[in-house]
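**Student:** Got a structure here, written out as structure tokens. Questions coming.
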Amino acid sequence: IENGRIVTYYRSEIDDTDLHAQTAERFIRQTAGDAPFFMHLSPNAPHDPAYYAPRYADEFSDTPLPEPPSFNEKAISDKPAWVRNRPLLTSTNVQYLTNLYRNRLRSLQSVDEMVAQLVDALKDTGELSDTYIFFTSDNGIYLGEHRLTHKGAAYNASPHVPLLVRGPGVPRGVTRSEIVLNNDLAPSFADLGGVQVPSFVDGRSLKPLLTTSSPASWRTAFLVEHRRSAEEQEDVRIIPNYDAVRTSRYNYVEYPTTGEKELYDLKTDPYELRNIYASAPPTLLSDLQTRLDALKSCAGAECKRAEDGK
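See below:
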């Protein structure tokens, strides 16, 4: 839908990412020099089924599927029943994931070109030095970790997404370890645009992180929730409802319908292979339980205090 008018395009004639890039570049060139503008650009790539431009069909044909220590995990006796009930991936499963991974890489080439095309347009129009660019994603995907093949679980590969920021005053090449969330994006855009952020907003502005030094205090935990939905793919529907709290070091998960619990020390076990809930110190479990309860029941400014552990 373009300004209220339905328009049809065919993938056989133009790659959808290329189409988005052309539309976005036209918007930048037509808007530059006038009032400040905001653009939200969401290409489908590299989402399944990972459509790619035909010019990349021969790329990555020999690229192997990454196999981290959690890939097709064999020792899962400490995992909840819904994971234990999953069979090991077969060679057919692995080949499907390999093909998907290669197609995702192919599809991302057009995304890279789109980013370069839009940066060039901002540079040509004199807007680049005064424009913030945020690059992120909606969710991660499992490519065989813990025998999983989609999304929705609390294990790191799904809720963990990239975030890169470029803009005036943002130091080049700096990596931050602070926890940021997708609900931080709206208040960040408002703050950077000089707009008062409403008090009811759950997230917080990332502006303090976009400087040469880290802020004195920041959130130390966040809430992850999953609720079953009949509209989801089968591999997501099998995941029971859960509530989880994630800190910089721990991932604590509760399944209220089954009574099962998981706890992973991300410092010593970044691939979440060893569920240490049964052997964890009671004080640690109590602290994580308290933080989870606070995050589950908070609203507005209370959530910021709960995230900060106050």
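Position 19 (the sequence shown) corresponds to 770 in our numbering; numbering is contiguous.
Note that beta-carbon positions come from the ideal geometry of N, C-alpha and C, so glycine has one too.
Note that the structure is a prediction, hence the values are computed from the model and not measured.
1) Taking 8 Å as the threshold (C-beta atoms), are LEU1017 and SER821 in contact?
2) Mind listing, in chain order, the continuous alpha helix (DSSP H) runs of no fewer than 4 residues lying wholly within the stretch 836-885?
3) Within the same chain, show all residues whose beta-carbon is closer than 8 Å to that of SER956, passing over the 5 residues directly before and after it, in chain order.
4) Return the Cβ separation of THR876 and ARG780 in integer angstroms, given the expectation that the two are a contact with Cβ distance under 8 Å.
5) Tell me the rounded alpha-carbon separation between ALA775 and GLY1010.
6) Going by DSSP, what residue range makes up the beta strand (DSSP E) through ARG917?
7) What are the boundary residues of the beta strand (DSSP E) that LYS1047 is part of?
8) Would the stretch 851-867 count as touching the stretch 789-796 if we require 3 or more Cβ pairs under 8 Å?
9) Look up ASN1002 in the DSSP assignment and give the residues it is bridged to.
10) Could you name the residues of the same chain whose beta carbon sits closer than 6 Å to that of TRP969, not counting the 5 residues immediately before and after it, in chain order?
11) Select from PRO991, TYR1022 and VAL946 the residue whose C-alpha is nearest the C-alpha of ALA832.
12) In or out: PRO787 buried (at least 16 other Cβ within 10 Å) or exposed?
13) Considering Cα atoms alone, identify which of GLN846, TYR1001, TYR1015 and GLU878 is closest to THR782.
14) Grouping DSSP H, G and I as helix and E and B as strand, with all else coil, what is HIS791?
15) Measuring only the C-alpha atoms, how far is LYS1012 from GLU1005?
16) Per DSSP, what kind of secondary structure is HIS977 in: helix, strand or coil?
17) If you draw a straight line from the C-alpha of ASP994 to the C-alpha of LEU873, how long is it?
18) Starting from PHE822, follow its DSSP beta bridges and name the residues at the other end.
19) CA-CA distance, TYR852 and LYS1061?
20) Looking at LEU1046 and ILE1027, is the spacing between their C-beta atoms short of 8 Å?
21) Tell me whether THR774 sits in a helix, a strand or coil according to DSSP, three-state version.
22) Could you give the distance in angstroms between the alpha-carbon of PRO817 and the alpha-carbon of TYR1022?
23) Going by Cα to Cα distance, which pick from GLU985, THR849, ALA1029 and ALA867 is closest to SER812?
24) Is it right to say SER1062 is buried, meaning 16 or more other beta carbons lie within 10 angstroms of its own, or is it exposed?
25) Can you list, in chain order, the residues of its chain whose CB lies under 7 Å from that of THR1008, leaving out five sequence neighbours each side?
26) Find out if the Cβ-Cβ distance for the pair TYR802, ASP767 is shorter than 8 Å.
27) Would you mind reading off the limits of the alpha helix (DSSP H) that contains PHE940?
28) Which residues share a DSSP beta bridge with GLU753?
29) For THR963, write down the residues that DSSP places opposite it in a beta bridge.
30) Would the stretch 887-894 count as touching the stretch 832-845 if we require 3 or more Cβ pairs under 8 Å?
**Tutor:** Reading it off the structure:
1) no
2) 842-875
3) ASP935, PRO938, SER939, ALA941, ASP942, LEU943 and VAL948
4) 6 Å
5) 49 Å
6) 914-917
7) Looking at the DSSP string, LYS1047 is not in any beta strand (DSSP E); the run it does join, the alpha helix (DSSP H), is 1033-1048.
8) yes
9) ARG997 and TYR1015
10) GLU929
11) PRO991
12) exposed
13) GLU878
14) coil
15) 5 Å
16) strand
17) 42 Å
18) GLU896
19) 42 Å
20) no
21) helix
22) 13 Å
23) THR849
24) Any property of residue 1062 remains undetermined from this structure, which presents the chain solely from 752 to 1061.
25) PRO991 and ASN992
26) yes
27) 936-943
28) ARG756
29) DSSP, once it has assigned bridges, lists no residue as partnering THR963.
30) no
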